[in-house]
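Right, one structure below, let's go through it.
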Amino acid sequence: KSAYNKPSLFDIERSAASVFGIRKYGSHLNGYVIDDDGTWRMWIGKRSKTKQTFPGMYDNLAAGGLSHDLTPTEC
Numbered sequence: 713k714s715a716y717n718k719p720s721l722f723d724i725e726r727s728a729a730s731v732f733g734i735r736k737y738g739s740h741l742n743g744y745v746i747d748d749d750g751t752w753r754m755w756i757g758k759r760s761k762t763k764q765t766f767p768g769m770y771d772n773l774a775a776g777g778l779s780h781d782l783t784p785t786e787c
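Residues in the sequence shown are numbered consecutively from 713, following the working numbering.
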């Protein structure tokens, strides 16, 4: 896609897109709660120490690639 709201020009395997400099989209989830006293608190995910990339680092609660035929609400 030349822009998110434009039709796809072609399909390519998501893992190959970066090699060709093709823009990809993802969906990310972060969470927060507001305590009874009005204090905002964030829920923060932490990656497994056994992950190959960025082990033990802070991360989104959930995230993933967004396929060309899905909207963020379907993901």
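Cβ atoms here follow ideal geometry from the backbone N, Cα and C, with glycine treated the same way.
Identify the residues that DSSP records as bridge partners of residue i: which are they?
i, result
"Ser-739", "Gly-776"
"Ile-746", "Trp-752"
In whole angstroms, what is the alpha-carbon distance linking residue i and residue j?
i, j, result
"His-780", "Asp-749", "43 Å"
"Tyr-737", "Met-754", "24 Å"
"His-740", "Gly-757", "12 Å"
"Leu-778", "Ser-727", "12 Å"
Going by alpha carbons, who is nearest to residue i out of the options?
i, options, result
"Gly-743", "Asp-771, Gly-777, Gly-776 and Pro-784", "Asp-771"
Given residue i, which residues of its chain have a CB within under 6 Å of its CB, disregarding the five upstream and five downstream residues?
i, result
"Ala-729", "Lys-736"
Quick one: residues in its chain with C-beta nearer than 8 Å to the C-beta of residue i, no 5 flanking neighbours on either side, listed in chain order?
i, result
"Ser-760", "Pro-767 and Gly-768"
"Trp-752", "Tyr-744, Val-745 and Ile-746"
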